[in-house]
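Colleague: I have a structure I would like to understand better, so I am pasting it below and will then ask my questions one at a time.
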Amino acid sequence: MIHLYSGDGKGKTSIANGMAVRMAGTGNQVLYARFMKGSVSSELSSFDKLPQIKVLEAGKDFPFYKQMSDEDKEEITTCHNRILEEILDRVENREGSLMIILDEITYPCRWNLVDVSLLRGLIDNLPDDVELVMTGRNPMDFMMECADYWSEVAMKKHPYEKGVAARVGIEM
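Residues 2 to 173 (our numbering) make up the sequence shown, in order.
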């Protein structure tokens with residue numbers, strides 16, 4: 002099945018994290034791909050304790066999209082495509098059930114920072130024993146159409162509106 006968690010509210014990644022832990026608890030493998038995110042994230046230290054969860058990421062911090070140079074955009078696109086290619090390879094060569102989490106995948110799709118045909122290929126050829134989870138704001142139409150589960154997380158109130166920065170262990 003395919004899951005999509007979108008919207009402007011806090012919690013999309015937290016939902017995916019909970020799903021990863023639940024799947025790891027069954028002894029099955031999880032490929033957790035982080036898009037548009039650098040290396041700072043508290044959940045990664047928890048995932049290090051769960052050998053069933055393999056985190057895939059760019060491996061370096063990039064500026065926010067609006068501050069990216071053309072070179073940054075080219076480099077992060079290469080990283081994103083490498084992540085999707087690795088996922089496709091692991092799907093083909095897996096043993097048993099697998100969960101794939103594409104955290105914040107909507108952004109690189111919208112901003113042309115990933116080869117969308119790689120993602121569409123994954124979706125179109127998803128085996129029955131592979132669960133796919135996608136998160137991010139403003140999903141593309143094909144993401145909404147293919148989703149078996151689609152939940153919108155709506156922000157009603159957030160401390161950021163009062164100038165409170167992201168806090169370790171809560172937002173990061």
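Think of the CB as a built atom: it goes at the ideal place given N, C-alpha and C, for glycine as much as any other residue.
Since the structure is predicted, the reported quantities are computational estimates derived from the model, not experimental observations.
1) Alpha carbon to alpha carbon, what distance is there between residue 9 and residue 160?
2) Could you work out which residue in 77, 43 and 147 is closest to residue 59 when comparing CA atoms only?
3) Could you compute how far the alpha carbon of residue 157 sits from the alpha carbon of residue 122?
4) Which class does residue 31 belong to by DSSP, given the choice of helix, strand or coil?
5) Just verifying my parser: in three-state terms, what is the DSSP assignment at residue 153?
6) Would you kindly report the start and end of the unbroken beta strand (DSSP E) that includes residue 169?
7) Contact between the segment 45–61 and the segment 127–134: three or more CB pairs below 8 angstroms?
8) Quick test of your reading: residue 179 and residue 19, contact by CB under 8 angstroms. State the CB separation rounded to the nearest angstrom.
9) Quick check on DSSP: helix, strand or coil for residue 4?
10) For residue 136 versus residue 105, is the C-beta spacing smaller than 9 angstroms?
11) With DSSP run on the structure shown, which of helix, strand or coil describes residue 135?
12) Once the 5 residues before and after residue 84 are set aside, which same chain residues still bring their CB inside 6 angstroms of it?
13) Under 9 angstroms between the Cβ atoms of residue 31 and residue 37?
Modeller: Reading it off the structure:
1) 14 angstroms
2) 77
3) 36 angstroms
4) strand
5) strand
6) Taken as a continuous stretch (DSSP letters only), residue 169 belongs to no beta strand (DSSP E), as it is neither H nor E.
7) no
8) The requested residue 179 does not occur in the structure, where the chain is confined to residues 2 to 173.
9) strand
10) yes
11) For residue 135, the three-state secondary structure derived from DSSP is strand.
12) 34 and 57
13) no
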